[in-house]
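Undergrad: The structure that follows is given in the form of structure tokens.
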Amino acid sequence: MILRGRGIFRGIARGPIVALDSPFSFLGGVDPSTGLLSDSKDVSIAGKVLAFPVGKGSTVGSYTMLEMKRQGTLPAAILNKKAEPIVTTGAVMCGIPLVDSIDVSVLRSWDVAMVDGTEGTVEVEGVEKKSVVTCILMKRDRFLILKRSEKVGTFRGKWAGVSGYVEVGEEPIQTALKEMCEEVRVTDAELVRQADPIVVRSGEIVWEIHPFLFKVKEDGITTDWEHTGHRWIVPDELPGFDTVPGFDRVVEMLLSRKIVSTGTR
Amino acid sequence: MKGEKGFGVQRAMELLVAIGTVYEAERLIPISSAHLSGVSYKTIGEGGVDFLTNIASDSKVVVKTTLNPAGMDLVRWGEMKISKRFAERQLEIIDCYSRLGVETNCTCTPYLAGNLPREDDTVAWAESSALSYINSIVGARTNREGGPGALAASILGKTPAYGLHLDENRKPTVVIDAEIDGGLFDHTLLGQVVGKKVANAVPYFRNIRPNPDEAKTLAAAMAASGSVAMFHVEGMTPEANDADLRGLERIGVERRDLIDARETLSTGREPDLIAVGCPHLSEAEIRDLASILKCKSKKTDIDVWFCTSKATRKRCPKEIDVLERFGKVLCDTCMVVAPIEDHYSCSATNSAKACNYLPTLCSQKVVCASAADLMKMVT
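Which chain is which? The protein sequence lines are A and B, in order. The numbering used here puts the first residue of the first sequence at 1, with every later residue one more than the last. The numbering used here puts the first residue of the second sequence at 1001, with every later residue one more than the last.
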């Protein structure tokens, strides 16, 4: 999988990823003499590709990075969702590649990545990206969820929207219209909204999901072999269903409301 | 950027381009001065010394550039019980800056010591209190620079045009209605309260009229408890006249909030160091302290530090003689960036900024009190 972001500082480096899910400060966040993280003391970031959403804390953090360079404990490269000046300054002063606008939530520690700070790319080895559409069909205040059959390739038995792979050369909206026709025989749905794609990691696959919201008129729908059941539900009922990864986020984005998860994913 | 102009210029350009990329700046704009943090050996360490040595080997600053406080009084460090090793490394840092062409009077109030921008000047300043002061009271324009970013700007004479260099980001975003009596200590506590509440917003103060020292401590506190880099004071900030307050959130600050802030900041009881001068004492503050202490004598053995700049110390020699009877008038340093944790465990100060940093940077318990009350502790 190749992720494309912004090259903030040049250079090429390859190494195992250490992925953090919260903002990080070099000052206090790591022991410069060992490279071990303060929060998880058995994890060293020395020579690794360090991924975290955003930097935080004191500007002294830039100097901590210089000290790590001196002691040989610096990461080989840094990936951020949003770069800020403290880490940027440190990366430039130390001369290590920094790429931002990377959705670090799809990265896992011990993935191996090749970072190109000049091009702003991150190649994650052994991880595949698959592009899909998910369509939410709305009828008055309810929307359609479908139970995936045992015959489909992925997420058998889980609940989802109308969905399918975006084929090579296809626009996501074309996929959406095609899948609605195939899966539920709906041909006159009205497009209400299309949201920016979200990415979800599941095993060695990163799903890039293109969310669509449609309004439909038909009362009855017909499902094909891919599904064994369907329900029209209001958003608050969603947490009661075992859904495919990222589905609650798709619904939240399209309906602009928070879905309270009960923890079953 | 192939390095024909040397390591320093190349790294400086790379740093400004990288920061410009982060903030989507469209261009670099010329600056008329810079002020650098990253001076104390305690903060920047050996990694910082290596970096400065490399930069200083082949580059020079091209605009007027001044320095923040160092980890010790550059002359009287022996009296501060600074180790010889620390002193050597600190003097090495100062020497690097000197080779770069930076003025080596180390103060967080450069605007009182010969580096005062004019209204509308574009500059690149680090030191959160000073940059907020010149944005808000002087009407100059700077972002909240880190030390290396400001150094890069001083070497190139340019800075990326984003943030507070642009009109739209200097407008007030929240209105503060404060009920305070006035005085230095009330203003530092007001800054503490507002910085905590607004984080990095641009507050607009109504019904306060701070003198320069009060504005200085207000700016310092807001930059420490929050990250305010620009504020407006009605009738004072050059841009405040044009401010449009319609639709802005309003926050009231009452006496009770100030008392609460002081109680939260106070974590200790028995200070072994009393330190004033965060930010560095002005001439007026030194005269006030001298008039409190003039006819008194010191009745305890608690150490007292009065931190100021060389320029200010030179202007009031008689008053300095009075203060020296009670403690040390130190230049080029302060209680936050000096390694006071080697000798002290509880510090008393009248600065909310210092109260924010002393626990984390210097492992201190803190007593937060007005300058007059602090002087009562020793007389």
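Ideal Cβ placement from N, Cα and C applies to all residues, glycine included. Here the structure is a predicted model, which is why all the values come from computation and not from measurement.
Determine the burial state of S1154/B: buried for a count of at least 16 other Cβ atoms within 10 Å of its Cβ, exposed for fewer.
TA: buried
Undergrad: When you compare only the Cα positions, how much space is there between L1265/B and E252/A?
TA: 41 Å
Undergrad: Helix, strand or coil, according to DSSP, for R156/A in the structure here?
TA: coil
Undergrad: Taking C-beta pairs closer than 7 Å, name the residues in chain A that G1147/B reaches, listed in chain order.
TA: T59
Undergrad: Near I1019/B, what residues of its chain come up, given a Cβ to Cβ distance below 7 Å and the 5 sequence neighbours on each side ignored?
TA: G1149 and P1160
Undergrad: Of the residues V1175/B, D1301/B and D1257/B, which one's Cα is nearest the Cα of E1249/B?
TA: When only C-alpha atoms are compared, the closest one is V1175/B.
Undergrad: Please list, in chain order, the residues of the segment 69-90 of chain A that have any C-beta partner in chain B closer than 9 Å.
TA: K69, R70, Q71, K82, A83, E84, P85, I86, T88, T89 and G90
Undergrad: Look at the alpha carbon of K1158/B and the alpha carbon of I1031/B, and state the distance between them as a whole number of angstroms.
TA: 5 Å
Undergrad: Using the beta-carbon of each residue, which ones in chain C are nearer than 8 Å to R1246/B?
TA: In summary, chain C is missing from the structure at hand, where the protein chains are A and B.
Undergrad: Going by beta carbon distance, what residues of the same chain come within less than 7 Å of G1182/B, once the five residues before and after it are set aside?
TA: none
Undergrad: Count the C-beta pairs between the segment 1004-1015 of chain B and the segment 1050-1059 of chain B that are closer than 8 Å, then say yes if the count reaches three, no if not.
TA: yes
Undergrad: Would you verify that the beta carbon of T1142/B is, or is not, closer than 7 Å to some beta carbon of chain A?
TA: no
Undergrad: With 16 other CB atoms within 10 Å as the buried threshold, where does G55/A fall?
TA: By the 10 Å Cβ count, G55/A comes out buried.
Undergrad: For P16/A, is the classification buried or exposed, using 16 other Cβ atoms within 10 angstroms of its Cβ as the cut-off for buried?
TA: exposed
Undergrad: Decide if the segment 1364-1372 of chain B is in contact with the segment 1182-1192 of chain B; the criterion is three or more beta carbon pairs, one per stretch, under 8 Å apart.
TA: yes
Undergrad: Taking R6/A as the query, report the chain B residues whose CB atoms sit under 8 Å from its CB, ordered along the chain.
TA: T1021
Undergrad: Can you tell me whether DSSP reads G263/A as helix, strand or coil?
TA: Caution is warranted here: a pLDDT of 43 is assigned to G263/A, below 50, making its placement in the model unreliable, and no coordinate value can be reported.
Undergrad: Hey, is G1101/B close to the ligand NAD, as in C-beta under 6 Å from one of its heavy atoms?
TA: Within the structure as shown, the ligand NAD is missing, as the structure has no ligands at all.
Undergrad: Between which two residues does the alpha helix (DSSP H) holding M1335/B run?
TA: No alpha helix (DSSP H) holds M1335/B; DSSP gives it neither H nor E.
Undergrad: Just checking: is the beta-carbon of Y1162/B within a distance shorter than 7 Å of some beta-carbon in chain A?
TA: no
Undergrad: Alpha carbon to alpha carbon, what distance is there between Y1023/B and P288/A?
TA: Absent from the model: residue 288/A. The displayed extent of chain A is 1 to 265, so no value can be given.
Undergrad: How about A46/A and R108/A: do their beta carbons lie closer than 7 Å?
TA: No, the Cβ-Cβ distance between A46/A and R108/A is not below 7 Å.
Undergrad: Looking at T64/A: is its Cβ nearer than 7 Å to the Cβ of P32/A?
TA: Cβ atoms of T64/A and P32/A: closer than 7 Å.
Undergrad: Going by beta carbon distance, what residues of the same chain come within less than 8 Å of I1302/B, once the five residues before and after it are set aside?
TA: P1271, D1272, L1273, I1274, M1377 and V1378
Undergrad: Counting contacts by CB-CB distance shorter than 7 Å, is L66/A in contact with chain B?
TA: yes
Undergrad: Along chain B, in chain order, which residues have C-beta atoms closer than 7 Å to that of S62/A?
TA: Going along chain B in sequence order, the residues near S62/A (Cβ under 7 Å) are G1146 and P1148.
Undergrad: In this structure, how does DSSP classify V251/A when only helix, strand and coil are distinguished?
TA: helix
Undergrad: Residues of chain A with CB closer than 7 Å to the CB of A1018/B, please, in chain order.
TA: The contacting residues are I8, F9, T88 and V92.
Undergrad: Is the shortest distance between the beta-carbon of F1051/B and the beta-carbons of chain A less than 7 Å?
TA: yes
Undergrad: Are the Cβ atoms of K130/A and I205/A separated by less than 7 Å?
TA: yes
Undergrad: Pop quiz: I145/A and H230/A are said to be a contact at Cβ under 8 Å. What is the actual Cβ separation, rounded to whole angstroms?
TA: 7 Å
Undergrad: Restricting to Cα atoms, I'd like to know which of S149/A, I221/A, S62/A and G72/A is closest to T243/A.
TA: S149/A
Undergrad: 7 Å is my cut-off, CB to CB: does T1043/B come that close to chain A?
TA: yes
Undergrad: Under 7 Å between beta-carbons, which chain A residues line up against G1048/B? List them in chain order, please.
TA: Y63 and L66
Undergrad: Assuming contact is defined by CB atoms lying nearer than 7 Å, are L1293/B and A1152/B in contact in what I supplied?
TA: no
Undergrad: Could you please give me the residues that DSSP links to G1006/B through a beta bridge?
TA: Answer is none; G1006/B lacks a bridge partner.
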